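Before any comments, here is the structure.
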Amino acid sequence: MKWHIFLIPVVGAVIGWITNVIAIKLIFWPYQPLRIPLTNFWLQGLIPKRRSEMARNVGEVIEKELFSIDDLLEYLNNAETQQRTALLITNAVRDHLIERLPSFIPHSIRDFLASLLEDIVRREAPVILGKLVLEIGDELKEKIKVGEIIEEKMNKFDLKKLENVVLQVATRELKHIEFLGAVIGFFIGLAQVGLLLVLERIN
Numbered sequence: 018m019k020w021h022i023f024l025i026p027v028v029g030a031v032i033g034w035i036t037n038v039i040a041i042k043l044i045f046w047p048y049q050p051l052r053i054p055l056t057n058f059w060l061q062g063l064i065p066k067r068r069s070e071m072a073r074n075v076g077e078v079i080e081k082e083l084f085s086i087d088d089l090l091e092y093l094n095n096a097e098t099q100q101r102t103a104l105l106i107t108n109a110v111r112d113h114l115i116e117r118l119p120s121f122i123p124h125s126i127r128d129f130l131a132s133l134l135e136d137i138v139r140r141e142a143p144v145i146l147g148k149l150v151l152e153i154g155d156e157l158k159e160k161i162k163v164g165e166i167i168e169e170k171m172n173k174f175d176l177k178k179l180e181n182v183v184l185q186v187a188t189r190e191l192k193h194i195e196f197l198g199a200v201i202g203f204f205i206g207l208a209q210v211g212l213l214l215v216l217e218r219i220n
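Right, dumping it as structure tokens:
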């Protein structure tokens with residue numbers, strides 16, 4: 018029995034590790050299509066090659082499943098949201114009025130006018146906001162396409178920055194994939210050694 022056959026699992030582990038390292042690199046690299054010498058084959062990273070398609074699909078999924086103009090309008094039309102908005106408007110109007118009133122007007126009158134205006138705004142603001150949401154709703158739906166905005170942003174996003182973000186977020190998982198390639202390669206090599214030993218005994 019030749020001792021060097023026991024190197025097969027080690028070689029298998031190295032090959033498995035290198036294969037997965039290359040596979041991970043090919044997710045992004047090369048950014049631009051690269052022709053393989055002496056062939057008609059072109060090589061390009063998975064994400065750069067399918068960037069437009071992925072951006073479009075992500076935009077569609079986000080608009081349909083996560084966030085749409087309808088969701089925004091529903092939030093704006095919510096009674097609690099309108100009350101909070103009305104409160105902010107009321108406070109802003111009151112403060113602005115007090116600042117703009119001439120200083121010679123007595124404080125009691127200024128406070129009375131501010132309270133009067135504050136009461137009017139507090140009553141009318143929710144109604145006005147509700148009407149405003151209804152009026153601008155159709156226009157927002159027509160002019161603002163969430164999916165298209167996301168698609169455009171993703172297509173403009175620098176690939177190098179995107180790669181760095183992915184590597185920062187998934188470094189541990191990618192290292193596990195590389196290690197798994199080595200483990201699988203090792204056990205495949207071990208199986209080959211076992212098969213060779215069996216065949217040697219038979220012969």
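In short: position in the sequence shown from 1, add 17, done, that's my numbering. Beta carbons: idealized from backbone N, C-alpha and C, even for Gly. Since this is a predicted model, take the numbers as computed values, not measurements.
- One Cα belongs to I35, the other to I153, and the distance between them is close to 57 Å.
- One alpha carbon belongs to V31, the other to H193, and they sit about 15 Å apart.
- When E190, A131, S85 are compared, the shortest CA-CA separation from K158 is found for S85.
- DSSP, reduced to helix, strand and coil, places W34 within a helical segment of the structure shown.
- Under DSSP, W59 forms a beta bridge with R52.
- For the stretch 114 to 170, the full-length alpha helix (DSSP H) segments reaching 4 residues or more read 124 to 160 along the chain.
- Taking all protein chains in view, the Cβ of F45 is crowded by 16 or more other Cβ atoms within 10 Å, so the residue is classified as buried.
- Between L151 and the set L179, E77, V183, L89, the nearest pair of CA atoms involves L89.
- Across the structure, A131 and L114 are spaced so that their CA atoms are roughly 7 Å apart.
- Per the coordinates, the alpha-carbon of A109 lies some 11 Å from the alpha-carbon of V138.
- Distance from the Cα of I79 is smallest, within the candidate group P26, D87, G164, R111, for G164.
- Here L214 carries a helix assignment [DSSP, helix/strand/coil].
- Burial is judged here by how many other beta carbons sit within 10 angstroms of a residue's own beta carbon; A103 has at least 16 and is buried.
- For E77, the uninterrupted alpha helix (DSSP H) segment begins and ends at 68 to 78.
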